[in-house]
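Trainee:
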């Protein structure tokens, strides 16, 4: 191993020592990345969101950064479950928040360690490139049938960051790999509340619940009312996944709102949040733009959740 590659290996080791997972991918893999986007565009000519993603990728190539990229650095932060306890009419309900939508303190630590680890080198956040794709091509992760990325030991519960860097690395790029267990398992497809998961590892995102409850607006009528169960995104395909079920149990980060706070959050006019409640939610990882969405989704999910004992 030459001195240049020692640098990339050392950075990965330091990030892993801090509790994260990381890998480098040579920038020469950009040809393979372009090919993946070309194939996706060809297979999905009539799907507008796919064409938008392809266009976004193309518009950011080559990247507008002040150095010549030599590699991608991909880093993963382990994620935990979180929940908000809502109080209504003397009853308590837990509304789940999937990883990675929680723990702003850990997010801050993640960002600070990443920045300090690569501070002696030039780096810039990637734009327009799927972080999942980079993770799989680097060998750090694999695709599941549900089109979610899995990392050994973390399952699908993690946050990703990806950077262009001027750090050389060995060419250890991998072909697209899939979780072996998916070959004989269809639990995610059978449990998808909107039928978004098909036989292959390319989901129909136009039917994915996450696509609709991660943005503001009206939820389409074709989504059945019993599909709603989280404060944001969707957990059905991850909850049922045997790969995730084999992971060690972790603490569930919890915040509880009293009845007044709960009614304020789930009211139709939840944008007008009192400062004290807003600060409470901000500290738990809710930015201002997420609060109105969270209130709408919580309102829908409450109709399907069981009262806590």
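In this note's numbering, the protein residues as written are 15 to 323. Every residue, glycine too, gets a C-beta built ideally from N, C-alpha and C. On a predicted model such as this, the values are computed, not experimentally measured, just so you know.
(1) Roughly how far, in whole angstroms, is the beta-carbon of residue 179 from the beta-carbon of residue 29, given that I think they are within contact range, below 8 Å?
(2) Applying the 10 Å Cβ sphere with the 16-neighbour rule, what's the burial state of residue 242?
(3) Give a yes or no on contact between the region 120–140 and the region 27–42, applying the rule of three or more CB pairs nearer than 8 Å.
(4) Can you grab the Cα-Cα spacing for the pair residue 15 / residue 235, in whole Å?
(5) Can you tell me whether DSSP reads residue 118 as helix, strand or coil?
(6) Quick test of your reading: residue 101 and residue 273, contact by CB under 8 Å. State the CB separation rounded to the nearest angstrom.
(7) Between which residues of its own chain and residue 93 is the CB-CB distance below 7 Å, once the five residues before and five after are set aside?
(8) Our contact map puts residue 246 next to residue 205 with C-beta atoms below 8 Å; I'd like the distance itself, whole angstroms only.
(9) Could you work out which residue in 262, 187, 58 is closest to residue 42 when comparing CA atoms only?
(10) Report yes if the C-beta distance between residue 193 and residue 156 is below 7 Å; otherwise report no.
(11) Looking only at C-alpha atoms, which of 175, 68, 131, 136 sits nearest to residue 154?
(12) According to DSSP, which residues form a beta bridge with residue 155?
(13) Out of 286, 311, 293, 260, state which residue places its alpha-carbon closest to the alpha-carbon of residue 248.
(14) By a C-beta neighbour count over all protein chains shown, 10 Å radius and 16 as the cutoff for buried, is residue 160 buried or exposed?
(15) Is residue 309 buried or exposed, if buried means 16 or more other CB atoms sit within 10 Å of its CB?
(16) Given residue 81, which residues of its chain have a CB within under 7 Å of its CB, disregarding the five upstream and five downstream residues?
(17) Round the Cβ separation of residue 177 and residue 139 to the nearest angstrom and send it over; I've been treating them as touching at under 8 Å.
(18) Alpha carbons only, please: which of 266, 263, 316, 299 is nearest the one belonging to residue 277?
(19) Can you find the residues in the same chain that come closer than 8 Å, C-beta to C-beta, to residue 302, ignoring five residues on each side of it along the sequence?
(20) Would you tell me roughly how many angstroms separate the C-alpha atoms of residue 27 and residue 129, rounded to the nearest one?
(21) Hey, residue 270 and residue 19: beta-carbon distance below 7 Å or not?
(22) Identify every residue that forms a DSSP beta bridge with residue 271.
(23) Around the Cβ of residue 104, are there at least 16 other Cβ atoms within 10 angstroms (buried) or fewer (exposed)?
(24) Looking only at C-alpha atoms, which of 54, 262, 307 sits nearest to residue 147?
(25) Name the two residues that bound the continuous alpha helix (DSSP H) containing residue 68.
(26) Can you tell me whether residue 24 is buried or exposed? The criterion is at least 16 other CB atoms within 10 Å of its CB, across all chains shown.
Mentor: Taking the coordinates as given:
(1) Start at 1 with the first residue of the chain shown, and residue 179 comes out as number 165. Start at 1 with the first residue of the chain shown, and residue 29 comes out as number 15. Contact flag wrong, Cβ pair sits at about 13 Å.
(2) Walking along the chain shown from the start, residue 242 turns up at place 228. Classification of residue 242: buried, given that the 10 Å Cβ count is 16 or more.
(3) yes
(4) In the chain shown, residue 15 corresponds to position 1, counting from 1. In the chain shown, residue 235 corresponds to position 221, counting from 1. Unreliable placement is indicated for residue 15, whose pLDDT of 49 sits below 50; the coordinate value is still reported in the next sentence. Roughly 58 Å between the two C-alpha positions.
(5) Taking the first residue of the chain shown as 1, we reach residue 118 at position 104. In this structure, residue 118 counts as helix in the three-state DSSP scheme.
(6) The residue labelled residue 101 in the question sits at position 87 within the chain shown. The residue labelled residue 273 in the question sits at position 259 within the chain shown. Yes, they are in contact, since the Cβ atoms of residue 101 and residue 273 sit about 5 Å apart, within 8 Å.
(7) The residue you call residue 93 lines up with position 79 of the chain shown. Cβ neighbours of residue 93 beyond the five flanking positions: 113, 114, 171, 172, 173.
(8) In the chain shown, counting from the first residue as 1, residue 246 sits at position 232. In the chain shown, counting from the first residue as 1, residue 205 sits at position 191. Their Cβ separation, rounded to whole angstroms, is 19 Å, which puts residue 246 and residue 205 out of contact at 8 Å.
(9) Numbered from its first residue, the chain shown carries residue 42 at position 28. That would be 187, whose Cα lies nearest to the Cα of residue 42.
(10) On the chain shown, residue 193 is found 179 positions in, with the first residue counted as 1. On the chain shown, residue 156 is found 142 positions in, with the first residue counted as 1. A contact, by the Cβ cut-off of 7 Å.
(11) Locating residue 154 in the chain shown gives position 140, where the first residue counts as 1. The shortest Cα separation from residue 154 among 175, 68, 131, 136 belongs to 175.
(12) For the purposes of this step, residue 155 is taken as the residue at position 141 of the chain shown. For residue 155, which the question treats as bridged, DSSP gives the partners 165.
(13) Numbered from 1 along the chain shown, position 234 holds the residue referred to as residue 248. Of the listed residues, the one whose Cα sits closest to residue 248 is 311.
(14) Along the chain shown, read from residue 1 onward, the residue named residue 160 stands at position 146. It counts as buried.
(15) One-based indexing of the chain shown puts residue 309 at position 295. Buried is the call here.
(16) Here the question's residue 81 lines up with position 67 in the chain shown. Counting only Cβ-Cβ distances below 7 Å, and skipping sequence neighbours, we find 136, 180.
(17) For this step, residue 177 is matched to residue 163 along the chain shown. For this step, residue 139 is matched to residue 125 along the chain shown. Rounded, the Cβ-Cβ distance is 6 Å, consistent with contact.
(18) In the chain shown, counting from the first residue as 1, residue 277 sits at position 263. Nearest C-alpha to residue 277: 316.
(19) As a position in the chain shown, residue 302 is number 288, starting the count at 1. The answer, listed in chain order, is 292, 296.
(20) What you label residue 27 is simply residue 13 of the chain shown in a count that begins at 1. What you label residue 129 is simply residue 115 of the chain shown in a count that begins at 1. Taking the straight line from one Cα to the other gives about 15 Å.
(21) Taking the chain shown and counting its residues from 1, the one referred to as residue 270 is at position 256. Taking the chain shown and counting its residues from 1, the one referred to as residue 19 is at position 5. No, the Cβ-Cβ distance between residue 270 and residue 19 is not below 7 Å.
(22) The residue given as residue 271 occupies position 257 in the chain shown. DSSP, once it has assigned bridges, lists 100 as partnering residue 271.
(23) One-based indexing of the chain shown puts residue 104 at position 90. Classification for residue 104: exposed.
(24) Along the chain shown, one-based indexing puts residue 147 at 133. The residue with the shortest Cα to Cα distance from residue 147 is 54.
(25) Numbered from its first residue, the chain shown carries residue 68 at position 54. Residue 68 -> alpha helix (DSSP H) spans 62–73.
(26) Within the chain shown, the letter at position 10 stands for residue 24. Exposed: under 16 other Cβ atoms inside 10 Å.
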